[in-house]
Every structure is written in C-alpha cells, then in structure tokens.
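Everything below concerns the one structure shown next.
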Amino acid sequence: MEKIVAIIQARMGSSRLPGKVLKEIAGKPMLEHVVERVRQVKTIQQVVVATTIDEADDPLEALCREKSYACYRGSMHDVLDRFYQAAGQYQASVVVRLTADCPLLDPEVVENTLMAFLIGRVDFAANRLPPPFKRTYPIGLDTEICTFEALKRAWNEAGEKYEREHVMPYLYQQEGRFRVLRVENSEDYGNWRLTVDTQEDLDLVRAVFAHFGDQPFKWMDVIHFLELNPEIAKINAGVAHKTVFDVDHRALKNE
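In this note's numbering, the protein residues as written are 1313 to 1567.
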C-alpha cells in the first residue's frame, strides 16, 4: 500500500528575510500555519518538516518537538539529498514537496494536485512549472509530487547545483525522462503573489490573516479580498520572484 508523505522544506537562513518561517502571523509561527494546513489534506498520511543540521535551525526542531511534528534534519544546500533521506526515513512511496514560506497554502489545491497525480499514474506532477510554461495558480500554492523511485533516480543522477537545491527540476526538465503531469487552474491567477520571501510579503500575509480572523478561508477568498483592497495587494507588487535556476550564493562559498 502506498504511503503518501508531505515533506515541508524549512530553514531559518533565508537570504531575503532571515528567520521568516518562525515569524508570527495571527499569533502563530508561519511554520505552524503551514503544517496545520497540510494536515487537512486527507490523502496525506504523514507530514514531515525537513530542515538542516545547521545550529541556526535548532529552533525549528524545538518547535516540531513542542507541537509533535515529525522532523528530519539534513543537508543545508543539497536539498534534494535532504528530501530523499527524509522520504526514506519515513518510508514514503509518494512524496509531496511543499515549502514553509507558504502560509496561505490551500489544502484543496494540494489534494486536487495529488489526486491528479494518483489517477494519472505518473512519476511527477505539479501545479506549476517554470517558463516556458505559464503559471495559473498564485505563487504560494505550489505543490510538487513524485514517486519515491523517481526521487531516488533524481538523487542518483542530478548533478547541477540548481537541481540539488530546488529538489525536483531533474524530474521535469528533460522531456521523456519521466512521465510528467502539469495541473492547471481553469482561470489564470498566476501573477498573484501569496508566498513570503520578503518583509513586504509578510506584511501582506499578515493583513490577510487579520481580515479573516478565525474563520476558515480558501485561496480564492484571498484573491477576492485583495481585488477589493488594491492598497493591500500593492504591498508586495514590486517583489521579484526567484527562479528555479537561482542558487544560494552561500552554497557556492562552501566549495
């Protein structure tokens, strides 16, 4: 029987907003929001936080212990290795890759992407791929899914630094290497930015949570709120999104 494991990538050493994954949003650390949202995905059997062995990430492990979250600590810059080792430790047959800087992640979007993956019987599925493909979901709802066997092959064969840091490019970049499925939204909301990589992003997300309070909300509720409040939508309008080819300069210094 398949074991579906969500692995949430997290570390304190963000280059643009250090410590962002523990920044408080509506009274809780960002990471807690992400884990609790992922736990709402019924098809996922286990949620694991994958952080690094760097001592700066000790507070992440401490939070996981406090909240009884499964936690794996591995390589700082070879994130593909970190995912592979975590997936192996928790005996995953299907791996769902998510990141800890997406507190507006929608469980329904993750579920729909996962069901498309399972029904399609593919090696890899995602609700966004880098250009030339057009993103139709907002930045911050990104979900990538692969079989453990495909992840193992990528772990063995991927050699480029960006392939190791961004985990899954090896699975989709060369046509025909794997069976790949791209899951699209019926309408194009790809220009909206709902992730947290800068202070501006954090300010916008805090405004969203302050508006909705304790009531549950979906990603389209957020879009409607921002459409009705353009002054809030403008908060992070000028933030440039990183690409899959960006490599952390701190990793290069370690060579």
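Beta carbons: idealized from backbone N, C-alpha and C, even for Gly.
Residues that DSSP places opposite residue i in a beta bridge
{"i": "THR1411", "result": "GLN1321"}
{"i": "ARG1447", "result": "In the DSSP output, where bridge partners are listed per residue, ARG1447 has none listed."}
Euclidean distance between Cα positions of residue i and residue j
{"i": "THR1355", "j": "GLU1423", "result": "7 Å"}
{"i": "ALA1318", "j": "VAL1350", "result": "8 Å"}
{"i": "GLY1488", "j": "ILE1535", "result": "36 Å"}
{"i": "ILE1544", "j": "VAL1347", "result": "26 Å"}
{"i": "HIS1523", "j": "LYS1340", "result": "16 Å"}
{"i": "ARG1494", "j": "ALA1437", "result": "6 Å"}
{"i": "ALA1466", "j": "ASP1393", "result": "10 Å"}
{"i": "ASP1369", "j": "CYS1458", "result": "26 Å"}
{"i": "TRP1531", "j": "GLN1486", "result": "31 Å"}
{"i": "ASN1548", "j": "PRO1528", "result": "23 Å"}
{"i": "MET1313", "j": "GLY1432", "result": "17 Å"}
Counted within 10 angstroms of its Cβ, other Cβ atoms place residue i as buried (16 or more) or exposed
{"i": "GLU1475", "result": "buried"}
{"i": "HIS1561", "result": "Since pLDDT at HIS1561 reaches only 49, below the 50 mark, its modelled position is unreliable, and the value read off the structure follows with that caveat. HIS1561 should be labelled exposed."}
{"i": "GLN1321", "result": "buried"}
{"i": "ASN1439", "result": "buried"}
{"i": "SER1308", "result": "Residue 1308 lies beyond the stretch modelled for the chain, which goes from 1313 to 1567, so this question has no answer here."}
{"i": "GLU1344", "result": "buried"}
{"i": "GLY1452", "result": "buried"}
Supposed close pair residue i, residue j - CB separation, criterion 8 Å
{"i": "MET1480", "j": "GLU1456", "result": "5 Å"}
{"i": "VAL1492", "j": "VAL1434", "result": "6 Å"}
{"i": "VAL1359", "j": "ALA1382", "result": "7 Å"}
Heavy atom of the ligand HEM within 8 Å of residue i beta-carbon
{"i": "CYS1458", "result": "Judged by which ligands are present, the structure shown has none, so any question about the ligand HEM falls away."}
What are the complete beta strand (DSSP E) segments, minimum 3 residues, inside the stretch 1358 to 1387? Runs of the beta strand (DSSP E) inside the stretch 1358 to 1387: 1358 to 1364, 1382 to 1386.
I'd like the ranges of any beta strand (DSSP E) spanning at least 3 consecutive residues and lying wholly in the stretch 1453 to 1494. Runs of the beta strand (DSSP E) lying entirely within the stretch 1453 to 1494, each at least 3 residues long, are 1456 to 1459, 1492 to 1494 in chain order.
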